[in-house]
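The opening residue of the sequence shown carries number 157 in the numbering used here; numbering runs sequentially from there.
Where is the CB? At the ideal position from N, CA and C, for every residue including glycine.
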Amino acid sequence: MLQRMRDGAQTMGAKIMVGIIAFVLTVFGFGAFNLFAVGEPVAITVNGEDITEALLGVEIERRRRDILRQMGEAADPSLIDEALLRQSTLGLLVDQTLLRQTAEDLGLAASANRLNRDILGNPEFQVEGTFDEDRFRAVLASSGFSPSSYQDEVANNTLIVQLAGSIGDTGAPTDREVREAASLLTQRRDVAWLAFRTEDFATDVEVSEEDIAAYHDYHLDRFMTPERLEVEYVGLSLADIADGIEVSEADVRDAFAAEERDRAAEGDARRRRGAHILLEVGDDRSEADAITQLAEIRRELEAGASFEDKARELSE
């Protein structure tokens, strides 16, 4: 077999193929193998960095699980607007990508020790205050993460937090802002009050009938009584009524006969009679000729001709 392969490699076609491969590798390098590969569908490109449909789908599914978890045991997936979920998730990925790119451009980085410390110190991954790898993997699986993808997520979040801190910490207040803040923090209020009892003034006030009527008319809604309904009813029990009724066999037969008559009457009311004029279409008569003849028959019927006579004369 090896001899046949060696002999085949000496043919002109094999030499040409080897030459083409050598040329491609020389010009493009080993990356040339990816020239004809079909890439993943791209959802959006952010500053030259692609966010693929696969990544978007994973993030959408992760957010869907988070929403259902927050909704509780009675969660209904049909209440989630898929179009809105996709749009908001895509916007979130774009924002995260822009922030991470800005952090990387500024030279910010997350050390491995920092990432490990954050992961090990997360209470979600601890059992009795100690990191538990089984719980770590279970929590990640329920959230749609693998250990490596979660580490990337923590690294990106750390960069974003560093970026926000580097911007916020460099802010310096103006002298006016300092004075205003100090004045608000150190200001005081002096309050004095005097309590009065209505009983002390009740004897000095006279209220006339006109005052009472005017107050009543102005505040009618305060003096309205709730709507009420008085109902009188008699409770009837079918069992009690049935005890006093005797049904003979003749009564049963009469009721059955009456039911039969009612059903027969309903059947007669639903019964319909129909009649038609049938014209065959074939070699002797085309469909267009049949339609023309039927139109002529209709005009004759509308003019007063007998349908039965026409059907007997023309129907086939």
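Looking only at R417, P382, L276 and V214, the smallest Cα-Cα distance to L249 is reached by V214. DSSP, reduced to helix, strand and coil, places T208 within a strand of the structure shown.
Remark: fewer than three beta-carbon pairs, one from each stretch, lie closer than 8 Å, so the segment 443-454 and the segment 408-417 are not flagged as touching. Counting only the Cα atoms, V437 lies some 17 Å from A467.
Beta-bridge pairing by DSSP links F287 to Q282.
Listed as beta-bridge partners of V202 by DSSP are E205. Positions of the alpha helix (DSSP H) runs, each at least 4 residues long and wholly inside the segment 340-404, are given as 355-358, 365-374 and 394-399 in order along the chain. D373 has its alpha-carbon roughly 11 Å from the corresponding atom of M380. If you draw a straight line from the Cα of T354 to the Cα of L235, it is about 57 Å long. Contact between R242 and G300 does not hold, since their C-beta atoms are separated by about 16 Å, which reaches or exceeds 8 Å. The Cβ atoms of S302 and L296 lie closer than 8 Å to each other. Taking 8 Å as the cut-off, the beta carbon of L246 is found no closer than this to the beta carbon of A210. The alpha carbon of T314 has as its nearest neighbour, out of D377, Q252 and E469, the alpha carbon of Q252. Remark: C-beta atoms of L319 and L254 do not approach each other more closely than 8 Å. One Cα belongs to G285, the other to N278, and the distance between them is close to 10 Å.
Contact between D288 and F281 holds: their C-beta atoms lie close to 7 Å from each other, under 8 Å.
The three-state reading of DSSP puts I223 in helix, counting H, G and I together.
Following the DSSP letters along the chain, one finds F301 in no alpha helix (DSSP H), marked with neither H nor E. Counting along the chain, A446 sits inside the alpha helix (DSSP H) bounded by residues E443 to E458. Membership of V250 in the alpha helix (DSSP H) is indicated by the continuous run E238 to D261. Taking a 10 Å sphere around the C-beta of F292, we find 16 or more other C-beta atoms and assign the residue as buried. Counting along the chain, the unbroken alpha helix (DSSP H) around L276 starts and ends at A268 to L276. Beta-carbon to beta-carbon, L271 and V317 are separated by about 12 Å, too far to satisfy the 8 Å threshold. Secondary structure of G213 (DSSP, three-state): helix.
Boundaries of the alpha helix (DSSP H) harbouring A467: F463 to L470, taken from the DSSP string. For a cut-off of 8 Å, the C-beta gap from S462 to L434 is around 17 Å, too long to register as a contact. By the neighbour-count criterion, in which a residue is buried when 16 or more other Cβ atoms sit within 10 angstroms of its Cβ, A239 is exposed.
If you draw a 10 Å sphere on the C-beta of R256, you find 16 or more other C-beta atoms in it, and that means buried.
I453 counts as buried, since no fewer than 16 other beta carbons sit within 10 angstroms of its beta carbon. Excluding its 5 nearest sequence neighbours in each direction, V347 has no C-beta neighbour in its own chain below 7 Å. For A231 against L224, the beta-carbon gap comes to about 4 Å, under 8 Å, which counts as contact. A420 and G228 have their C-alpha atoms spaced approximately 59 Å apart. With a threshold of 16 other beta carbon atoms within 10 Å, A395 falls short and is exposed. With fewer than 16 other Cβ atoms from the protein chains shown falling within 10 Å of its own Cβ, A328 counts as exposed.
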